[in-house]
Amino acid sequence: MSDFLFDVLYKLIFYPFGMLFTLTNGLRVEGSRRFPKTGPVLIVANHQSYLDIILCGLACPRRAYFLARKSLWRNRFLGWIMDHFNTIPVDTIGYSRTGLDAVLDDLKKGRVVVIYPEGERTHDGKLAALKPGISLLIRKVKSPIVPVGIAGAYEALPRNRKTPHFAPPFLPWNNARIALRVGKPIDGATLSEMPREEMLKVLEEAMEKVLTQAERLRGNRQSVSVKGEAGHPQKTGK
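Position one of the sequence shown corresponds to residue 1052 (this note's numbering), numbered consecutively onward.
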């Protein structure tokens, strides 16, 4: 199937998902207009749940390309889908050379690529320490880097649960409400020139900021703590 047909299929899949998440979890998305309309973009998002791939796709008005663990290709049907959607295989323990090259190749083609610098889904809903391997990719990325904060996906579908919790907007608020906040693009060229520790600090602070904003957007009434140890969704241009 041609890339054009898969682009159409991508949109047909994601728009109904937007309506579904709005009805089941009161999904709110803010800041989507911050994405550059053309050219390569690297999205860096916190990783709360298996839902994150769909959610990041809903936050971005352009088609996004994703990374996935190599082990997922053991399922032939799932592997076929990921191959045709140009999903990038990576090692579970970090960023493989093959994965890095694939990300850079997609960026050279002017695509939007999503990565999760924590390396795995959160164990407690908080932002974990970023994997040092992300610095290898940042060194070579000259495109805008857009931080995206995901809040509520951990409560909706944590890693130890197989079925999701729901929080419809027409019922009283509960912590399975989901919100995403898109941050201001970071200049990739400037970030790549920084020493590794400074680079990771800037990236981590940007991710902490959008995660805190996402928590507020979903109406979290509890104090926000985002830093760990180690239809269609509503969109605004803020």
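Heads up, the beta-carbon is just placed ideally off N, CA and C, and yes, glycines get one too.
Since we're looking at a predicted model, the values are computed, not measured.
Which of helix, strand or coil DSSP assigns to residue i
i: R1150; result: Correcting the residue identity first, residue 1150 is Gly in this sequence and not Arg. Reduced to three states, the DSSP call for G1150 is helix.
i: P1219; result: coil
i: A1096; result: strand
i: I1229; result: coil
i: P1246; result: coil
i: R1125; result: helix
i: I1064; result: helix
i: R1079; result: strand
i: M1070; result: helix
Reference residue i; option with closest CA among the options
i: G1150; options: E1266, I1229 and F1117; result: F1117
i: A1227; options: G1184, K1235, G1234 and Y1205; result: Y1205
i: P1198; options: C1111, S1122, V1261 and L1242; result: V1261
i: T1075; options: P1168, R1113, I1237 and A1230; result: A1230
i: P1112; options: R1120, M1133 and T1089; result: T1089
i: R1212; options: V1233, V1192, L1222 and T1173; result: T1173
i: L1222; options: E1169, W1131 and T1073; result: T1073
i: I1196; options: V1092, L1102, T1138 and R1267; result: V1092
i: S1100; options: L1158, V1192, R1210 and I1237; result: R1210
i: V1016; options: F1086, D1134, A1179 and L1102; result: The chain is shown only over 1052 to 1289; residue 1016 falls outside these bounds and no answer can be derived.
i: G1108; options: S1083, N1126, R1120 and K1121; result: S1083
i: S1186; options: P1168, I1105 and K1062; result: P1168
i: V1163; options: V1095, N1225, I1201 and A1218; result: V1095
i: G1270; options: L1063, I1104, R1079 and Y1061; result: R1079
i: P1215; options: L1071, L1060 and F1057; result: L1071
i: K1182; options: L1106, E1255 and A1119; result: E1255
i: D1152; options: S1122, E1171, R1114 and K1191; result: K1191
i: A1218; options: K1121, L1056, I1105 and G1077; result: G1077
i: A1265; options: G1200, R1148, N1137 and D1142; result: G1200
i: L1158; options: D1142, A1115 and F1055; result: A1115
i: L1188; options: D1175, F1065, A1207 and D1156; result: D1156
For residue i, the first and last residue of its enclosing beta strand (DSSP E)
i: F1117; result: A1115 to R1120
i: P1140; result: I1139 to V1141
i: I1166; result: V1163 to I1166
Endpoints, the alpha helix (DSSP H) within which residue i is located
i: I1105; result: D1103 to A1110
Residue i CB to nearest heavy atom of the ligand COA below 8 Å
i: V1164; result: This structure lacks the ligand COA, and indeed carries no ligand of any kind.
Which full runs of the alpha helix (DSSP H) of 4+ residues lie inside the region 1168-1210, going along the chain?
List check, alpha helix (DSSP H) in window: 1185-1191 and 1204-1207.
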